[in-house]
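A.B. asks: Numbering (the working numbering), first residue to last: 7 to 182.
Built from N, CA and C at the ideal position, the CB exists for glycine as well.
Quick one: the structure is below, and I'll ask about it shortly.
Right, here's the structure in full:
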């Protein structure tokens with residue numbers, strides 16, 4: 007089984023909600039590149055066992071944010087995976103289990119514009135992505151359910167019977 011932790015981004019500072027953004031909102035592409043390079047070097051310096059973590063993302067949905075954001079929750083009998091895929095339709099997304107990993111691929115298509123249109127500002131991005139998430143436990147791949155609602159893909163991944171039985175709660179006692 008692969009280690010899930012190596013695929014999770016390092017979070018350094020609390021934003022008040024218990025989570026931190028790994029990249030700040032920056033508008034200019036050169037500034038975004040500088041911020042991403044600083045983040046990568048900070049990751050490397052702060053945790054020698056983590057390495058570079060995510061690869062440098064230079065395309066896809068937005069510069070520096072090619073991989074969709076993912077949350078993974080352990081729900082006793084299943085894993086719940088939520089993936090941000092704004093503006094995408096179910097036909098644009100491919101989900102598979104391959105070699106003990108969840109593979110999510112997608113393509114955000116560009117709407118063609120008429121030639122000669124004058125843009126005041128054009129920031130929307132399009133392109134394809136692939137996200138590979140090692141599964142921390144054995145799962146029943148044929149029973150996975152996927153739903154897309156309001157730009158969030160939610161996957162319910164049932165754990166195998168063996169994986170469900172491995173988890174055991176340990177009671178912590180105080181010593182007088």
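As a quick exercise: from 108, 97, 35 and 73, pick the residue whose alpha carbon is nearest that of residue 161.
C.D. replies: Nearest option by C-alpha distance: 108.
A.B. asks: So, using beta-carbon positions, are residue 99 and residue 147 closer together than 9 Å?
C.D. replies: Not in contact: residue 99 and residue 147 (Cβ atoms no closer than 9 Å).
A.B. asks: Taking 8 Å as the cut-off, does the segment 172-179 touch the segment 83-99 (at least 3 CB pairs, one atom from each stretch)?
C.D. replies: Contact between the segment 83-99 and the segment 172-179 is absent, because fewer than three Cβ pairs lie under 8 Å.
A.B. asks: Is the distance from the Cβ of residue 113 to the Cβ of residue 135 below 9 Å?
C.D. replies: Result yes, Cβ atoms of residue 113 and residue 135 sit closer than 9 Å.
A.B. asks: Count the other C-beta atoms from every protein chain shown that fall within 10 angstroms of the C-beta of residue 110, then say buried if there are 16 or more, exposed otherwise.
C.D. replies: Looking at its Cβ environment, which holds 16 or more other Cβ atoms inside 10 Å, residue 110 is buried.
A.B. asks: What is the C-beta distance between residue 150 and residue 139, in whole angstroms, given that I count them as a contact (C-beta under 8 Å)?
C.D. replies: Their Cβ separation, rounded to whole angstroms, is 13 Å, which puts residue 150 and residue 139 out of contact at 8 Å.
A.B. asks: What number of angstroms, rounded off, separates the C-alpha of residue 5 from the C-alpha of residue 166?
C.D. replies: Past the edges of the chain, shown from 7 to 182, lies residue 5, and the structure says nothing about it.
A.B. asks: In the DSSP assignment, what residue or residues form a beta bridge with residue 146?
C.D. replies: None; residue 146 has no bridge partner.
A.B. asks: Specify the secondary structure class of residue 58 as computed by DSSP and reduced to three states.
C.D. replies: Any reading at residue 58 must be qualified, since the residue scores a pLDDT of 42, below 50, and its modelled position is unreliable; the value itself is stated next. It is coil, neither helix nor strand.
A.B. asks: Taking the straight line between their C-alpha atoms, what separation do you get for residue 158 and residue 44?
C.D. replies: Those two C-alpha atoms are separated by around 29 Å.
A.B. asks: Quick check on the DSSP output: the alpha helix (DSSP H) that includes residue 172 runs from which residue to which?
C.D. replies: Unbroken alpha helix (DSSP H) run through residue 172: 167-172.
A.B. asks: Can you tell me which of the three DSSP states residue 74 falls into?
C.D. replies: Three-state DSSP puts residue 74 in coil, outside helix and strand.
A.B. asks: What is the DSSP secondary structure of residue 163, counted as helix, strand or coil?
C.D. replies: Note: residue 163 maps to strand in three-state DSSP.
A.B. asks: Under 8 Å by Cβ, that's how I've got residue 76 and residue 87 pegged, so tell me the actual separation to the nearest angstrom.
C.D. replies: With 8 Å as the limit, residue 76 and residue 87 qualify as a contact, their Cβ atoms being about 6 Å apart.
A.B. asks: Going by DSSP, what residue range makes up the beta strand (DSSP E) through residue 114?
C.D. replies: Residues 107-114.
A.B. asks: Please report the distance separating the alpha-carbon of residue 57 from that of residue 156.
C.D. replies: Confidence at residue 57 is low in this model, with a pLDDT of 43, below 50, so the placement of that residue should be treated as unreliable; the coordinate-derived value is given next. Going by the C-alpha atoms only, they are around 34 Å apart.
A.B. asks: Just the Cα atoms here: how many angstroms apart are residue 48 and residue 132?
C.D. replies: The alpha-carbon atoms of residue 48 and residue 132 are separated by roughly 29 Å.
A.B. asks: Are residue 141 and residue 182 close, meaning C-beta to C-beta below 9 Å?
C.D. replies: No, the pair does not count as a contact, with Cβ atoms beyond the cut-off.
A.B. asks: I need the DSSP call for residue 85, collapsed to helix, strand or coil.
C.D. replies: Strand, per DSSP.
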